[in-house]
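Report on the following structure.
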Amino acid sequence: MNYRVLLYYHYTSIEDPVQFAEEHLQACNELNLMGRVLVAKEGINGTVSGTIEDTNAYIDMMENHPLFQGIVFKIDEADGHAFKRMRVRPRRELVNLSLEEDINPHEITGRYLSPVEFMEEMQQEDTVVLDVRNTYEYDVGHFRGAIRPDVENFRDTPEWVQENRELFEGKRVLTYCTGGIRCEKFSGWLKREGIGEDVGQLHGGIATYSKDPVAKGQLWDGKMYVFDERITVPINRVEHVVVGKDHYDGSPCERYVKCSNPECNKHLLASEENEAKHLGGCCLECTKHPRNRYVERHQLPESQVQAVISELEKVWG
Ligand SMILES: [Zn+2]
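Take a look at the structure:
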């Protein structure tokens, strides 16, 4: 374990994200880091991996930068890189929320809760816990009893919440996400819209909650989806309850694959066996796709593919 994965964000003001991204990429390359960093006028959000020495140098560089005073890094130990390449991309916004009227977390945001405060408050009456991630993230792991907005993407969550306002009426609302960045804005939005009696957010996200010496990830079921090659990581250090369900037969499952249709890419939980049985497609149309990646990867002969498809047509057709 002589590698580390750093997860971080910082809302600040970056005047020229395009130029900043170019320079930042160069600095990351010089430190042999791999990862994915987003830069916007409103700040920075990234995950990078590297050796302990290189990631320490990166932390020093960022902490000494005038724009990033107070930046917090969540650090995971690892036995190698968690990415294949290094990317730094300029973006319009750090989290894809697409609000008509944007939220500046420096002006409005939910109460910050430490892991222990969050653990205590989430168990109190008149409190609802709202997961502000994507549904495929929720499905492999979440806080016990948390609300799962029925949306494909995070940016659709505000609309879903408006339509389901009664769930939050008179309640204290606690939000959580992977590293805390989505909550900064989303909890601010909840406050602005007057949803719930009081709005709190898990400061530092699930990643921090897992490492807290008292909370130890308790009341988290399943695993946490991460946006790198590890795909999921364990959170609850006291007990492990599987909540993920196989896309094909509903049996307990924590193995993520992407639909084999290169134009679909839907995240699926599936056993190796079920993936093979369906050639990795989420539905019949996807399985039949002429560029099915499962078929290509395993170099399956056409006759075998056709045999599987005619079987599936009976079940799915
Ligand atoms: Zn599909």
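Counting in the UniProt record's numbering, the sequence shown runs from 1 upward without gaps.
All C-beta atoms, glycine included, are put in the ideal place defined by N, C-alpha and C.
In this text the structure is predicted, and so the values were computed from the model without any measurement.
Check whether the Cβ atoms of residue i and residue j lie closer than 8 Å to each other.
i           : j           : result
residue 132 : residue 154 : yes
residue 208 : residue 74  : yes
residue 37  : residue 92  : no
residue 149 : residue 189 : no
residue 94  : residue 45  : yes
residue 205 : residue 72  : no
residue 219 : residue 245 : no
Taking residue i as the reference, which of the options has the closest Cα?
i           : options            : result
residue 283 : 98, 267, 297       : 267
residue 178 : 150, 233, 147, 162 : 233
residue 63  : 85, 9, 226         : 9
residue 298 : 311, 313, 20, 277  : 277
residue 84  : 242, 29, 270       : 29
residue 263 : 269, 289, 104      : 289
residue 229 : 79, 11, 70, 300    : 79
residue 140 : 49, 11, 186, 242   : 242
residue 317 : 304, 287, 294, 293 : 287
residue 116 : 254, 14, 211       : 211
residue 301 : 250, 315, 312, 279 : 279
residue 258 : 252, 231, 249, 239 : 231
With a threshold of 7 Å (Cβ to nearest heavy atom), would residue i be considered close to ligand 1?
i           : result
residue 261 : yes
residue 266 : yes
residue 282 : yes
residue 253 : no
residue 183 : no
residue 177 : no
If you follow the alpha helix (DSSP H) that residue i is part of, which residue opens it and which one closes it?
i           : result
residue 210 : 205-211
residue 57  : 52-63
residue 89  : Looking at the DSSP string, residue 89 is not in any alpha helix (DSSP H); the run it does join, the beta strand (DSSP E), is 86-90.
residue 284 : 284-287
residue 191 : 181-193
residue 24  : 17-30
residue 69  : No alpha helix (DSSP H) contains residue 69, which DSSP labels as neither H nor E.
residue 224 : No alpha helix (DSSP H) holds residue 224; the beta strand (DSSP E) holding it covers 220-225.
In or out: residue i buried (at least 16 other Cβ within 10 Å) or exposed?
i           : result
residue 26  : exposed
residue 201 : buried
residue 65  : exposed
residue 222 : buried
residue 184 : buried
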